[in-house]
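First the structure, in the form of structure tokens, and then the observations on it.
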Amino acid sequence: MNSIINTKNLWFAYENRNWILRGINIDIYPSEIVSLIGPNGCGKTTLVKHFNGLLKPVKGKVFVKDIDTSRASPAELSRIVGYVFQNPNYQIFSATVFEETIFGPKNFGVENPEQTAFSSIKDVGLEDKMKISPFSLSLGEKERLAIASVLAITPQVFIFDEPTTGQDRSTTKKIIKIVNRMRKSNKTVIIITHDMELASECSDRVFVMNRGIIEKVGDPHEIFSDERLLRKIQLSPPTIVTIGKSLAMNSVPLTVEEFVKRLKNEID
Amino acid sequence: MKLIEYKKKNSVIHKLDARTKLILCATLILLAFIFNDPLFLFALFLFSIYLSYLAEIHHEVIPRIKILAPSIIMSFFLWALFHRWSLFGSTEIVDVVFTLGPLTVDRIGLMYGLAMPFRVMTVLISPIIFLMTTKLSDVIHCLTKLGLPYPWAFTFGLSTKLVSVIGNEFMTIKQAQMSRGLETEKGSLIKRIKSHIPIIVPLTIKGIELSDQLGMSMSIKGFNPNSKRTFYRQLKMRKIDFLILIICLTSLLVSVVMRMGGIGVIV
Amino acid sequence: MVIGPGESVEKIIVENIYYKHYNSEFSLKNINLKIGNEFVLLTGPSGSGKSTLVYCLTGLIPYYIRNGKMSGSVWIDDKNTNDTPLEELTKKVGVVLQNPESQIFGMTVEEDLAFGLENLCMPRHQINKKVNEILSFLELKKFRNMPPEALSGGQKQKLVIGSVLALEPEIIVLDEPLSNLDPWGARLVVSTLEKLKKAGRTIVLVERKIENVIHLVDRVVALENGRIIADESPRKFLANKKLVERLGINIPQVVKLTYHLKSSGFKFMKFPLTAEEFMSELNEFHNKY
């Protein structure tokens, strides 16, 4: 299967500084949901900024849908790869929620921008706030607005940079719903996150980064039960994994629901 | 490239007291204005480059001068062609060197044209040397010791820090909006200015939030601009500092005398 | 809460606090609280008034925050916040807010720690001694001369805690210090909180990510819509499933698991807070049946 995003031996550093990315080789396939985890400073955000052309490789190549990113502008690539930045306050500037959402599609010449903006706002559950000033929204609502404004551009790939950091539980649940809905519409989603529960519940694959290299790629089970790997990047596994291992379960569950199901089966 | 940033080195200049460096920088600037003979100004310019070499920051200074090269070259032409209309130049035309249509360049114009770029560069290099060799807290401290009220000095210091913080935020916001298709380089001037609104609005809000939070943090650490405070870092004047101060003072006096006697002036 | 002989009982007394915004909304209603030398977790959904309460406990209301009016009194170690200047209050209660960037002032770690002490007019050699103590306590010695920008998020937050500790307050109040940190940074801060607890400080922590800290907590105070709706030990608090879910807190996995098992008939001696406690409860149960 042809990858939708591909990097070949990607190295990157800012001028005169240390290498941030050291020879990254990854493939991301259409319609999959991947999580990118790793300690702060390991290069996660730097890596994904190559996918929409904000950064260009110093060595190596990055291909988005077979387009060489060193030859394309951020505007071209952003049409294919949408990026929801970490802090929604970095983007919000318009007078109403609707105007904020329609900004992107208008810039990109999307067909029927009003319709797309309207349905994106509905998709994130903000339809009753359409005429309200975005500045009066709560933090969770602002995050959803940021997502809507990128949804409206109708890109094929979505990058979420730490969507649940600093958010409460109800917003996290809503974001998981939105991501799952994207899976149904065959979008490719890349999530940078520290939230292991989010990564376990949503991802098909998890990329673990450390100091500019990819340590391991695998499905959530493989990654979060790999004690040696987690110790290397100094991450404690989810509590459920620890409990599962103490009970000598084979194929350790990642979520409480899985655990309970497994337990019920074993009792029966 | 950040405009002016403290560079940590172990040079002779770095080790001088902040006040000495400030006076040194001020002396250079004054000398650059006392004289206007191109030879004197050239020597002064060379001396400031030498100081930057002593401070081990010459490789930082020179690129910054290069950036300003177009304006410096322009000042040569402006002075050479139009010195008669300046406040300080003479108004007679003496010894025409060449003519360019309706414009004449005379010997005095040529002298001014050669001299002014060196004055400008010296005046620019001196504060760069001062700020690059002195830690910000020392800058604040020495300004206070020289009489500036502490709140002013503190505000100055904090604003410099904030400038780099806001600068980073600007970049991030610009990238976020570019990812939504914002174009800032195309179109008419008005269009380009308008295209910056999606960057300026979030930035201003961030700036206001930041200053509010900073104010709050300062109060909860007991900050009171009007009451006495200790300065943790010490400023110590050593023998070499006094020596340099004496040299600065002497050179200023001597220069004033020379200037009054007509030396170092364009005739 | 067990009070030993001769120990001072109340560090913070909150009496009948109401906070009314100028737009007529009340963000705090009828708050009455007595906090002794303990680790208190203050929790609740966003907008429940947690931050407003923090501001009242630290003197920021009424001295810095001016968007409303507080009625009632807050006593910090026998000093009423309405009558005592902020500089005096900062010696009794230190505050750590969410965003480390806006709380760091120095050009180096050392200078930042010294900032509060400079404000107090402490003589230079004493400042030096204090800075050394704090650097050791926080294990930040090797960062002494580095600019704060070189520190990671968790280390920056530790630095902020350090600069607050420099003033030697007996009470430390922290407003969601973990929310912007990754798991690595959060771990650094939690280990610092453990040390502070061991050193006998009174700690009031506002957090929603309770998983990391619940094992340190002596008492949970929950706010909803500006009122206190729960004030009890962490085990009793967590055992109240309906309340915990209603408050929208990030429920730790151990707790979720315990709820499931309890509803299937498992009996727990005490509500487990950590994986180890859960395992030992499970073993006990296993042994009995």
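In the order they appear, the protein sequences are chains Z, S and D.
Mind the numbering: the first sequence is residues 876 to 1143 in our numbering, read in order.
Mind the numbering: the second sequence is residues 6 to 272 in our numbering, read in order.
Mind the numbering: the third sequence is residues 44 to 332 in our numbering, read in order.
Even glycine gets a Cβ: it sits at the ideal position worked out from N, Cα and C.
| query | result |
| --- | --- |
| Opening and closing residue of the alpha helix (DSSP H) in which S/D246 lies | K244 to M265 |
| 9 Å Cβ cut-off: residues of chain B touching D/I292 | Reference to chain B is not applicable here, since the protein chains of this structure are Z, S and D. |
| Residues from the region 967 to 994 of chain Z in contact with chain S, defined by Cβ distance under 7 Å | I967, F968, F978, G979, N982 and F983 |
| D/I78 and D/V139 closer than 8 Å at C-beta | no |
| Distance between D/I177 and D/E237 (C-alpha atoms, nearest Å) | 15 Å |
| Proximity winner among D/L84, D/M312, D/S195 and D/L316, relative to D/N330 (alpha-carbon distances) | D/M312 |
| Rounded C-alpha distance that separates S/L148 from D/H258 | 50 Å |
| Separation of D/L221 from S/E65, as counted between CA atoms | 40 Å |
| Any C-beta of chain S under 8 Å from that of D/M44 | With a pLDDT of 43 at D/M44, under the threshold of 50, the predicted position of this residue should be treated as unreliable, and no value is reported. |
| S/Y55 burial status per 10 Å Cβ neighbour count (16 or more: buried) | exposed |
| Expected contact under 8 Å - CB spacing of D/L160 and D/I170 to nearest Å | 5 Å |
| Those residues which DSSP pairs with Z/L1104 across a bridge | Looking at the DSSP assignment, Z/L1104 forms no beta bridge with any residue, so it has no partner. |
| Selection of the region 128 to 144 of chain D by Cβ proximity to chain S, strictly under 8 Å | L129, E130, T133, K134, G137, V138, L140, N142 and E144 |
| Cross-chain neighbours of S/V206 in chain Z, by beta carbon under 9 Å | I967, F968 and S969 |
| Cβ pair Z/A950, S/E188 closer than 8 Å | yes |
| Cβ-Cβ separation, D/K201 to D/V232 (assumed contact under 8 Å), whole Å | 6 Å |
| Minimum C-alpha distance to D/V297 - residue among D/K285, D/R262, D/L286 and D/N255 | D/N255 |
| Per-residue DSSP class, three states only, for Z/T991 | helix |
| Neighbour flag for Z/T882 against chain D, beta carbons, 8 Å | no |
| Simplified DSSP state of S/I213, which is helix, strand or coil | helix |
| Coil, strand or helix - D/V45 by DSSP | In this predicted model, D/V45 has a pLDDT of only 49, less than 50, meaning its place in the structure is not dependable; the value taken from the coordinates is given anyway. Residue state, collapsed to three classes: coil. |
| Cβ neighbour criterion (16 or more within 10 Å) applied to S/F228 | buried |
| Residues that D/R251 contacts on chain Z, provided the C-beta gap is smaller than 7 Å | D1043 |
| Distance cut-off 7 Å: Z/K1052 Cβ against heavy atoms of the ligand FMN | Absence of the ligand FMN from the depicted structure is noted, as is the absence of any ligand whatsoever, leaving it without description. |
| Minimum Cβ-Cβ distance from S/K233 to chain D less than 8 Å | yes |
| Closer than 8 Å at the beta carbon, the chain Z residues around S/M183 | L929, P949, A950 and S953 |
| Separation of S/I204 from S/F175, as counted between CA atoms | 7 Å |
| Cβ shell of D/F328 (< 7 Å), same chain only, five flanking positions each side left out | F309 and K310 |
| Where S/K191 falls: helix, strand or coil (DSSP) | coil |
| D/V174, DSSP secondary structure in three states | helix |
| Chain D within 8 Å of S/S222, Cβ atoms only | yes |
| Contact set between S/L215 and chain D, taken where Cβ atoms lie within less than 7 Å | S145 |
| DSSP-derived helix/strand/coil call for D/W227 | helix |
| Sub-8 Å separation of Z/L1104 and Z/V1081 beta-carbons | no |
| Alpha-carbon to alpha-carbon, S/T165 and S/I70 | 21 Å |
| Spatial neighbours of Z/H1096 in its chain, beta-carbon cut-off 8 Å, leaving aside the 5 residues before and after | S1126, V1127 and L1129 |
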